[in-house]
Every structure is written in structure tokens, then in C-alpha cells.
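Scroll down for the structure; my scribbles are underneath it.
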């Protein structure tokens, strides 16, 4: 605390206030920059500054709140470095563009609901300094004639440097109005025209009657026609304009790299989320840019790209998916430069990225450039706190990647989990909006990337765009509604999860995205285990298994080098968006890949062999010393024909860092000794069949994804024999059970099922115990002087011990728990470890009949759990179950009692009972009153469980049987079986079973702007890499998802070809240009700027 206080004092000693000038010349403070803080304008005028121009700060000011020392770095100071090292310039520009797309647009669009406010409807170029567009009259003559015929017969596109850009604001608004009227209709699918748009034949169509046509120079003069000559003139004039706009020194840079396309009205050129994007330069017509509204299926028109303007360049610069849809509402002609060709141009003239980035900046609204000052892009290491409980609420955080955990410290000093947050969630927004102190402590579970939005900036945004308040109300409303539906006791109250977020407040494992598996010893068949788990998880959703070998094969041998770590991190984060679970298989030793697995994991599975002696491996010792906060689970593998689990407590006592454990009975193929190729081949055949939902691996898969199904058995004496029959019906209906819990007789039956996992053996053992309960000799011998209870409990203890022996709860195949009432602490106890027979006996200790059992751990007195929670479905829910099947066999209380007035005479009751002619009355005796008082809490809990949305409640018709009718075991069991068959048959027909077995995220997963083949591009590597030897042109018809091969053994990989958009060669006699592979090893390595060292540049 003292260090923290000194740090705050140092920061306060130097403080700058960052303000924004709004309409009416009022200054609004939206950020405070303390000591050691960098503030800069990453996008506002960066492009202008680096190109040698200066621009004043028009709407943003910074002033010293106290005497401060500021280091000012002018952009011109970097020019010498950038000229000497062009790859540095390219990397800086790309970082600026990535921040614009990943941080600024994410915060303003996804969470504040802003769309059209982010862009200028008219590009802010003023007069078209970069190169003019055709005159208005010429454009109309071309577009009015329409189609490729109009392009062929229209006048030649002329250049006029003095022609200003026409006023298009009114046209843009008209187009927006028309567009939004038709927005409710779905956009045409791009596949109708994509094949023509991306023609890859080496000899192009000169003029096509059916759109879209691809115009190229003819192969020979003999084929030169009048339409082709005019097309050549249009192409030549447009290329000159493009040269000027992109500030290219060498006109030959565009040779064979530009395609002239014509599309008819209604064509979708590129769709939101596309990865393979081209830079489009409009020649004639208009390209409308749309974006999907948040929480809506409608699209809104952001802006219109007019002749002389570019679109799509942001996605090309960042290598990330397109954030909007590009559509031609009317016939349109434009030049297209593929990613591969732009990267080729950039290698020869790296400064081109400045011109292209500048065009992006000028399209962005001044509002976005202002907010960019306030937004921070920060990285937090695993274990580091974001803020602590009681801190001042001065900002809101958005999780870009990683995982955070919120914890509340209660008045008694105990900590309680308040929530866990993943990619896309908002943190601390409630306190920031209400100006309250932080209610929780939030720290990083693993390395995480965050966007930080100061409270002042949020206030300024709300003042300027009031519709943001509506969006925030919507988010808060969803939060409150979710808390009401799930119960106030389980909810975290100070974070907002994104729409469709994976987090479920009652389920700690509900939003796991990454799982690492690591061996406890070298003998563990980890590869087979990972493949088996992947097969089981495939029934739930798309799964990706990553190992060090396939990472090197897919991304290159240098992918794990520390130099490329930041790019690998971003690529791995992208995989979380497109896969339900990403499995990381660690190496058997502490390699860089093993360290990466640990840092990326939301949950770490430590896999051991149950038949071996309990030991702790080297990897685990390292894990214990690290600051990793991810939850850790112990998984013990057992052979099908091997002994039952034992000595689990020894494994767990060595691993205090493990939060749980599971026993898996493995098929023989896991322990078979096969080479890696043979093993992979085996599992390719295995994956052709659906996984067995009753297998232990399927249970592990459901637990990891928050889809576990729990069976909860209530107390009720001999009526609990019906639970045996219902378990038989469950198995016949194909309903798996991943967790078992119960109270009283339910704890006994649940422990039997968790130990056996087999109905037949469970029934045999349950019946033997029930027959022992009917023995009058044992009952009489157990009688004692009734000071505490009628029976001593010795005979009852021996009966339960004979069933379970010395088995521990940790040794059960299925995770199980038992409920008892702790009368020493007046609290409910949930037992998940320890002596099985003792806690089952404690859960069955009815007051007056059996003495309380002394807990061997702390000496507390334990009684029947039915007094506090007779049907603990809520406990199963809190332990991770998505669905709880609750079987109630408790006695039904008589509610139709006699109203005897204000006083009651015992003599009158005696007369009513003995007189055969008197009217019978229903009045409770003292014992019944005491019993009902004891069960008051239990009855209220039962009503809450029955009305919950996660519980499937069953009550078989067993009211005619008494609490001690154990002699009717077969009869009661059959009643339960018949009732279970009937209920489960109804569930099957009504869709309840199907819903129960579905992934909880099947319908609510958030739509992310990614595609399965998402690839990321490092522009700096393209600029700095060694030119590979010339190779034959890539076959234009080949699929871009090809095998990755190294062209140079020791040199950098050639990683940037784009097969999808490879244009046709103009001249068959010319040297063919090899298109690098965008899906190659380094293309999939994501750019990830180190947020702690921001590289944005201030305006000059």
C-alpha cells in the first residue's frame, strides 16, 4: 500500500489534462495523463506529419494541471530513421491502422452503437489534390448508358488537374435514405458475381456482354478494336490518377497489377467479415459502404465512395477482416489491386503505405480522431491487477483478448468470485457510469489485451451523441434481466458481458475459450489423450488442436521465436473467435511452446496415469512457481480393465494449486503403442464416427464447455428407492450424467451410482442394503437410552460401511457431493472430499433417531441435510451444471388442516379421536410441528429450485409409501422406472432432451467479424524479406488453402500470395509475377503492437 501511495503521489506531481473543444467553443476534459504516461495522436494527423506536412490541433488541447515536464517528439525527427529502415515506417503505419480498426472502431461501434458517426460521408480531401476524377458530365454519360457496352462506347476518361471534387453531400444523404429503405432486405450474396470479379485466367476477356467484365490490354495489335482502344484509354487514365493518389514514383509499379472491373447495380463486391480484400479505386459510378447494426439484422450506409476515391485499403493494411460490406447500387467501374499485388508494390516503394493510410485517415470523422486521444491500448500480464476494490472509477475497460477475473472481498475478509470476463466484454462500466468506487478487484487470469476508455471521454460521447445512452441502457437492461433470471445471489454486479457472451454467472466454466493439456510424467500418452478429447469436443462445436509440431508446420519453424511472439499471440487470439475451444497440447519439457500454452490457457489440464504412484512432474513445479491464475484440473487416466480409482487424495495433496479433478476410463486405443503417423491415421478414422455421449471423455468435454448435466437426488427415506428405477430410465433414454449429488437417501443412492456407473450393480447393492434396514434384530440391538437419540447409530454405521468400505469421495468415477446440516455452525455443508461412508451417514442422520456425526476434520456436529436443503439443485448449478435433473421423493405435507379457532384443548382432541361417532379433525401434534419447523428452510429452497430455468423437476407417485418401507424396494423401484420412462419419452417428443444436449452457446454466440481462414499480415516483414528466386506462376485455379512449404531453407518464408484475387497476366510474353501466398506460414501470424510501448506519432 505504501508503494502504491508513493506511485500515486509521483503521478499526481506531473499531470496533464487532455480536453476536447466541442460546439460552442466549450472545452470538455476527457483524460488525465499522469507521470510516465504517453499521449499522442496515433491517427489524427499521423499520415500528414510523416509525409512532411504540418497541421494544427483544431479540436483537441492539452494543458498542464500542475507544473510538469513533457518530452515532445516531433514526427520529422523520425524521417531519417524511416528512410534508412523502411520496414520500421511500414510497421508504425500498420500499428496505427490496426489500432484504428481493433481498438477505436471496436469500442465505438460494438459497444456504443455508433456507425455513421465514425466516417465522413464525403472524403475530406477538399480539392482532389491526389489526382482528379473524370468530369461530372462524362461520368453521367458513361453510367447512364450502363453496362459494359456503355464503357466501351462512351468517351475516353480525360484527366483534368484543375477539376474540383463536386459537392456530393446531398447525393450521399439521398443514397443513404434510399439504402436504408431497402436495408431490411438481405444483401445479395457475393458468390453470384465473385467468380467473375476475381477471374484468374491468363488471357482476360476483352469485353464481356454479361457483367462483370474484366478489361485488360489485348494480347496483340491485330486484335485491337475500337472498344478495346477506348478501354485501354480509360484504364491508362485511371492508372495515372491512381499513381498520383498513391504517390508512386514509378508508373511501371502498376503494370500487370491493376484490374479494371465493371459490375452491374446490386452487386456485392465485398462482404463484412471477408478476409480476402482488394483495394478498389472508383472510376465511374458509386460504391456504397454498409455496416451491420449492433443487435440488429439491418445494414446502415456509412458512406459512398465516389470516382477518384479508394475503399478497402484499411483491411489490406491491417490484414484483418473487412469491417463493412461494399455494394454497387448502380453500375460501377473501378480498378482493383489485390493484396498480393499491393504488397508487391509496397516492397518496391514502402512509402506507399503513407499515402494509402492517409486516405483512410481522411475518411475517418473528426470525432474519431478526437476520441483516439482518450483511448488507450494496454497489455496486462497474467496475475496483474487491473484495479482493486475501493479504487476510484475513472474509466471502462474492453477485453480485446485474454481473460480477467473479478473478486469481491467481504467484510469478514473472505473473497468471492464475482465473474470472469473474456474477449469482447466490458469491465467496470457500472461504477464508471454511477461514479462509485470499484466494487471488485479485477486481475488478469492470463496475458490480456485491453482497450481503456476514460470516464471523461464517455461523458463527452454521451453529450455529443445521445443515442449512446440508449445503447448503454440496453446493455445495463440485459445485465439486470440476467441477474433476475439467475438469482441475485449468483450474479456479479459490476461488469457487462457482450451480447451472446459465453459467461454464465452460475457456471464458472461457461466461458472457457482455451484449454491447455500438459503431462504429469513422460509416460502419459498425451497425444492420444488430446486427439480423443478433440473428438469428444467436436460434438459440441468447432475445435482446434494446436501442438508445437503443427504450429511449426502451419506457420513456419521460426513461429515460436521470441522475435515473432507478438504476432503469434494475435493469431492465436483470432482462433478463439472462430472456434468453440482451442486445445493447446504442451510438450513434455519446458519449451517455448509449453510456456506459450500456459500463458494462453483459461484452464490447464494436468494429465496423469491413475495406475502410477502419485508424483509431481517438473512442469507442474514450474507451474506452481509461476503467477498463472488459470484454473487447474487434475485428470487421471485409467484402463478399461484396470482397477477402480484409488489414492486420489495423495495426488491432490501434492497439488494444492488444483481446483478439481476427474477420473477417465479410457478406451484401449489411448494406451496402444503407435507411431505418431499411425496414431493420427487411427484418429482420422475414429473422428468419422460421432463420439459416445456416455463416455468419460464426453463428460470431460461437457464440463469444459459448461454443458454438464447433473443428477440431484432428494431425501425421503424408503421412497428414495424410486430413484434407482429413474436412473435406469435415464440410461435407456440416452441421457448422460456428469455430476451426482444428493441429500439423505439421495446422497446414498448418488454415491452408489457415482461409484458403479452401472444400473445393474447399483440395484443389487442398493437392494442388499435396503433388506438390512428391515432387520428387527439389528434395530433392537441398536436401541440406547434416549438422551440424544433413540438409536446409538452403531448398527446403522456398519450397514453403510459394508456398502462403501473405505472409499473416499475423491475416488468416485463421477464427481459427487453430499449435503449435511452443520448444527455447530448453523450452516449447510457440501462434502466433495473425505470418507464416503461417514458423510453419507451424516447426511442420513435424522434428528431423534440417530445421533449427530462428528466431522473427522473439525469436530463439528453434522445432521441430516434435509433440514436445510433437501433437493440441492442449486448446489449442482453452482458447481458448473448447465442442466440439473432433480428427483424429489420427500413426503408431502398435509395442508388441509382443521381450523380450531384461537385456543385448542387437548381433552377435546382426545374426545374427537376416541369417539367413533365424532367428526374427525386434522390437527398437528408436537412432533409434527417440530418436524415442520425444521423443514421450513428446506421447503422455501425447494420452491426456488422448482421455479428455476435450469432445473428439470421430477416427482414419482410414491406418496403411498412410508419413510421406513424398505421392504417394498422392488415395488417402489418399479414405480420410479415407469414414471421415468413416461417423463423422458415426453421430453424426447417435446424437444427437452435435444435442448439439454445442445451446446449452451448454440444460439447465442456473438457474431464476430472473422472468417475461418482468418490470416494476419506483417507488412514490415514483406518489405524487409529477401527476394526469393523466381518461380513459375501459381496455377490460378488452385485453392488458396494449400500446404505450406519453405522456398528457402535458411531464409525468410515467402508468405504473401493471394490465390483468390490473382489477376490474369496481361502479356503472355512478359515475365510472370509470382504471387506470394497470403495463407502461408507468416501470413497467419498476427500483428500485435506492444501496447506498453505505443508507436503512434504526434502531429507536427
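Numbering (the UniProt record's numbering), first residue to last: 1 to 1100. The C-beta atom is built at its ideal place from N, Cα and C for all residues, glycine as well. Since the model is a prediction, treat every value here as computed from it, not as a measurement.
C-alpha distance - residue i paired with residue j, whole-angstrom precision
i	j	result
residue 277	residue 818	58 angstroms
residue 580	residue 310	36 angstroms
residue 900	residue 926	16 angstroms
residue 298	residue 63	43 angstroms
residue 342	residue 551	27 angstroms
residue 589	residue 660	24 angstroms
residue 451	residue 698	37 angstroms
residue 368	residue 427	22 angstroms
residue 540	residue 700	12 angstroms
residue 265	residue 442	51 angstroms
residue 247	residue 267	30 angstroms
residue 642	residue 838	27 angstroms
residue 758	residue 953	23 angstroms
residue 530	residue 513	16 angstroms
residue 781	residue 824	29 angstroms
residue 662	residue 931	38 angstroms
residue 587	residue 362	48 angstroms
residue 87	residue 409	49 angstroms
residue 739	residue 880	9 angstroms
residue 373	residue 91	20 angstroms
residue 873	residue 694	22 angstroms
residue 909	residue 922	10 angstroms
residue 179	residue 327	In this prediction, residue 179 scores a pLDDT of 41, lower than 50, which makes its location untrustworthy; the coordinate-derived value is nonetheless stated afterwards. When rounded, the distance between both Cα atoms is 10 angstroms.
residue 797	residue 741	20 angstroms
residue 992	residue 983	11 angstroms
residue 656	residue 990	45 angstroms
Residues bridged to residue i (per DSSP)
i	result
residue 1109	The displayed coordinates of the chain run from 1 to 1100. Any statement about residue 1109 would go beyond what the structure contains.
residue 377	451
residue 259	336
residue 518	606
residue 358	DSSP lists no partner for residue 358.
residue 420	405
residue 952	885
residue 832	None, per the DSSP bridge assignment.
residue 415	409
residue 584	516, 546
Proximal residues to residue i (C-beta, below 8 angstroms), its chain only, five neighbours per side dropped
i	result
residue 239	251, 254, 258, 335
residue 668	639, 640
Beta-carbon separation (whole angstroms), residue i vs residue j, contact threshold 8 angstroms
i	j	result
residue 862	residue 806	Rounded, the Cβ-Cβ distance is 19 angstroms, inconsistent with contact.
residue 286	residue 329	7 angstroms
residue 399	residue 448	6 angstroms
residue 750	residue 816	6 angstroms
Cut-off 6 angstroms between Cβ atoms - residues of its own chain near residue i, not counting five sequence neighbours on either side
i	result
residue 573	401
residue 1106	Because the chain spans 1 through 1100 in this model, residue 1106 falls outside it and cannot be assessed.
residue 944	none
residue 942	871
residue 788	851
residue 617	520, 521
residue 829	820, 822
residue 719	889, 958, 961
residue 885	711, 952
residue 756	762
7 angstroms Cβ shell around residue i - same chain, five flanking residues per side excluded
i	result
residue 302	115, 116, 119, 289, 290, 291, 324
residue 937	868
residue 630	445, 446, 601, 602, 603, 604
residue 435	393
Residue i beta carbon near the ligand SAM (any heavy atom closer than 6 angstroms)
i	result
residue 327	Questions concerning the ligand SAM fall outside what the structure shown contains, since it holds no ligand whatsoever.
(request) Please go through the stretch 295-319 and give each complete beta strand (DSSP E) segment of 3 or more residues, from N-terminal end onward. (result) 299-305
(message) List, from N- to C-terminal side, the alpha helix (DSSP H) runs of 4 residues or more that fit wholly inside the stretch 855-939.
(response) 873-878, 906-914, 926-934
(request) Give, in chain order, every unbroken run of the alpha helix (DSSP H) that is at least 4 residues long and sits entirely within the stretch 754-792. (result) 759-773, 776-781
(message) Which complete beta strand (DSSP E) runs does the stretch 619-679 hold, if anything under 3 residues is left out?
(response) 631-639, 660-666
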